[in-house]
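The structure under discussion appears below in the form of structure tokens.
Number of protein chains: 2
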Amino acid sequence: METVAIAGVGLIGGSFALALRRAGFPGRILGVSSAHTIEEALALGAIDEGVSLEEAAARADLLYLAQPVQVIIDTLERLDPLVRPETLVTDAGSTKRRIVETAARCLKRCLFIGGHPMAGKATRGVAVAEAGLFEGRTWVLTPLHPGDERQASVQTFAGWLDAIGAHLLWMDASEHDRVVAATSHLPQVASSALAAVVGRRAETPASLAVAGPGLRDMTRLALSSYDLWRDILATNADLVGDTLDAYIAELRAIRAGLDGEAARDTFAAGERLARRLRGERGASR
Amino acid sequence: METVAIAGVGLIGGSFALALRRAGFPGRILGVSSAHTIEEALALGAIDEGVSLEEAAARADLLYLAQPVQVIIDTLERLDPLVRPETLVTDAGSTKRRIVETAARCLKRCLFIGGHPMAGKATRGVAVAEAGLFEGRTWVLTPLHPGDERQASVQTFAGWLDAIGAHLLWMDASEHDRVVAATSHLPQVASSALAAVVGRRAETPASLAVAGPGLRDMTRLALSSYDLWRDILATNADLVGDTLDAYIAELRAIRAGLDGEAARDTFAAGERLARRLRGERGASR
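Going down the list, the protein sequences come from chains A and B. With the working numbering applied, the first sequence covers 1 to 285. With the working numbering applied, the second sequence covers 1001 to 1285.
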């Protein structure tokens, strides 16, 4: 792996470049982005050169698509005539079924492996990129075909992910989307909807003076931009819909018995998950 | 104010005692709690003496009820024959209408002012009490009658709240309950229900490896004990029900248009509240 090209040099793409550098990657890093972003990424030392997608595809050993989900899909649809057969294409999309399907359908001339680094920040852009962003964080890889994980180029890529501190997790694209619908997409929708409702009911400054740290925790995700989330929700609508139905049903059951004991089981189950997530003992199911 | 008695020497009651001490309160602090808690509170130097409620009421200039909401209500119902007319009774209950109504009905021989310090921790008990718990935090006071806030004993109490670093906010009990239904009770129910649903859908360790920091934020409140929340929800059921209805309606609207633009307005409104809460500029409505 001598040349890496990153399409979409934002927080994730820029952090991947910085992380590779810090881990000792000796090759060349190309960036595909808007002129303004390329300038910023060059100034930060994240990339060596700004190029077109055509040039990136023609030169890269690893082509990393770190764009919003729908842009990744659009890129995959026109990438096949541009790539060299030796190139490994991967991506950072937050949903995997549609991306993997598109790659299987459109990308015939080279290898593709889906990816999803479980890292992020409330702020976007290469300006907040960090070499340590993926340290200790899970990086999901979703192969297209059985055995893809044993291909030499995939093994080399996986080695670099290990070198930048990420924890690799191999998963089927459908399983990935099912799990993140519950662990990521539902919490995002729950936070944005909660913040919207609280905003309408707490219009005076005094109202927010009465808010404790709990409301801060519960609205941190609501800082996220819909521009990214639009694609995520649209490409996982069926599974997010299922988890939302379960969430709404849970809330309705609590609502029906606020003056009784209706919420006791929900609180107990919620506490178990919260403790499991924090690795506390006696919290297993 | 020479003698303070605290009924319920837990996190809040114990922290109030430690905070008074650190602020230079020279008088005596009595505690009313279980034998085990009294022993712990004495060892921590939070209180000087463990006494019965009867003795506390007979000796205290300030009687602070820092118990769960229903226990506060029960205590208020039997307190009147026990108190001296000079005593100021106050409380730390998370809902205020039912407590203030009970005080107005039952406590005829002395002054009462409702209170709600907006501070807490995921862990309960005097062992985690802190002198600095109320520093920079809002402390709501809800008077029973117009003019109560000008009574000498209330002024003295308010002076000590100021000395321990709390920000006083005078509010009507109904307004308090309406605001906290949105800023505190709805977030708690949203967190517990979310954690319960995620727990059922993320049963394998691999599922939680895919969870990012967002799920941690969204489930911190779910660590809270239902033993406290049962009374809070029961004594604010009408207003919590209203906010839950609005939340469920918001979630249903998003659910109906996951593959379209349905959530755009919700995300925008949620982001505005999240920024207001963080004091960011350009975030006003």
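Cβ coordinates follow ideal geometry from the N, Cα and C atoms, glycine included.
With a threshold of 6 angstroms on Cβ separation, who are the neighbours of residue i within its own chain once the five nearest residues in sequence on each side are excluded?
i: Ala-1005/B; result: Leu-1030, Ala-1056, Ala-1060 and Leu-1063
i: Ala-1269/B; result: none
i: Thr-1003/B; result: Gly-1027, Arg-1028, Arg-1059, Ala-1060 and Asp-1061
i: Asp-1048/B; result: Arg-1028 and Ile-1029
i: Met-1001/B; result: Asp-1061, Leu-1062 and Thr-1156
i: Arg-1285/B; result: Low confidence applies to Arg-1285/B: its pLDDT is 35, below 50, so where it sits in the model is not reliable enough to give any reading.
Quick one: using the 10 Å Cβ neighbour count with 16 as the cut-off for buried, is residue i buried or exposed?
i: Glu-1250/B; result: buried
i: Gly-125/A; result: exposed
i: Thr-1204/B; result: exposed
i: His-145/A; result: exposed
i: Ser-52/A; result: exposed
i: Arg-1281/B; result: With a pLDDT of 49 at Arg-1281/B, under the threshold of 50, the modelled position of this residue cannot be trusted; read the value that follows with caution. Arg-1281/B comes out exposed.
i: Glu-1271/B; result: buried
i: Thr-235/A; result: buried
i: Arg-1275/B; result: buried
i: Ser-177/A; result: Here residue 177/A is Asp; the residue named in the question, Ser, does not match the sequence. Buried, because 16 or more other Cβ atoms sit within 10 Å of the Cβ of Asp-177/A.
i: Trp-1170/B; result: exposed
i: Gly-1147/B; result: exposed
i: Asp-162/A; result: exposed
i: Gly-1199/B; result: buried
i: Gly-260/A; result: exposed
i: Thr-292/A; result: The question about residue 292/A has no answer here: the residues shown for chain A are numbered 1 through 285.
i: Asp-1231/B; result: buried
Since residue i is in the beta strand (DSSP E), which residue starts that stretch and which ends it?
i: Ile-1006/B; result: 1003 to 1007
i: His-167/A; result: 167 to 170
i: Leu-11/A; result: Taken as a continuous stretch (DSSP letters only), Leu-11/A belongs to no beta strand (DSSP E), being part of the alpha helix (DSSP H) at 11 to 22.
i: Thr-1090/B; result: 1088 to 1091
i: Leu-277/A; result: It is not in any beta strand (DSSP E) - Leu-277/A instead sits in the alpha helix (DSSP H) that spans 264 to 277.
i: Val-1032/B; result: 1028 to 1032
i: Leu-1228/B; result: Where Leu-1228/B is concerned, there is no enclosing beta strand (DSSP E), although the alpha helix (DSSP H) it sits in stretches over 1226 to 1234.
Measuring CB to CB, does residue i end up less than 8 angstroms from residue j?
i: Leu-1014/B; j: Ala-1035/B; result: Per the sequence shown, residue 1014/B should be read as Gly rather than Leu. It is not a contact, given that the beta carbons lie outside the stated cut-off.
i: Ala-211/A; j: Ser-191/A; result: no
i: Thr-90/A; j: Gly-120/A; result: no
i: Leu-1065/B; j: Ala-1129/B; result: no
i: Leu-1141/B; j: Ile-1164/B; result: no
i: Lys-1096/B; j: Ala-1202/B; result: no
i: Ala-131/A; j: Glu-40/A; result: no
i: Phe-157/A; j: Leu-107/A; result: no
i: Leu-215/A; j: Thr-1183/B; result: yes
Can you name, in chain order, every residue of its own chain whose Cβ lies under 7 angstroms from the Cβ of residue i, other than the five neighbours on each side?
i: Gln-1151/B; result: Leu-1111
i: Gln-67/A; result: Ala-7, Gly-8 and Thr-75
i: Ala-1256/B; result: Ala-1262
i: Ala-104/A; result: Leu-144
i: Ile-72/A; result: Leu-65, Asp-91, Gly-93 and Ile-99
i: Thr-1102/B; result: Ile-1073, Leu-1076 and Glu-1077
Could you pull the start and end residues of the alpha helix (DSSP H) that residue i belongs to?
i: Pro-1187/B; result: 1186 to 1201
i: Val-1240/B; result: 1237 to 1256
i: Thr-1037/B; result: 1035 to 1043
i: Leu-65/A; result: Segment 62 to 65 is the beta strand (DSSP E) holding Leu-65/A; no alpha helix (DSSP H) there.
i: Cys-1110/B; result: Neither: Cys-1110/B is in no alpha helix (DSSP H) and is coded neither H nor E.
i: Ala-173/A; result: 173 to 180
i: Ile-164/A; result: Element bounds for Ile-164/A: n/a, residue is neither H nor E.
So, at 8 angstroms on beta carbons, what are the nonlocal neighbours of residue i in its own chain, with the 5 sequence-adjacent residues on each side left out?
i: Val-240/A; result: Ala-181, His-185, Leu-186, Val-189 and Leu-233
i: Leu-1194/B; result: Met-1218, Thr-1219 and Ala-1222
i: Ala-1017/B; result: Val-1004, Ile-1006, Val-1009, Ile-1029, Gly-1031, Ala-1041, Ala-1046, Ile-1047 and Ala-1129
i: Phe-1134/B; result: Ser-1015, Phe-1016, Ala-1019, Pro-1117, Ala-1119, Leu-1161, Ile-1164, Gly-1165 and Ala-1166
Could you pull the DSSP bridge partners for residue i from this structure?
i: His-116/A; result: Val-140/A
i: Thr-1261/B; result: First, the residue type needs correcting, since residue 1261/B is Glu and not Thr in the sequence shown. Glu-1261/B is not bridged to any residue.
i: Gly-1050/B; result: Gly-1031/B
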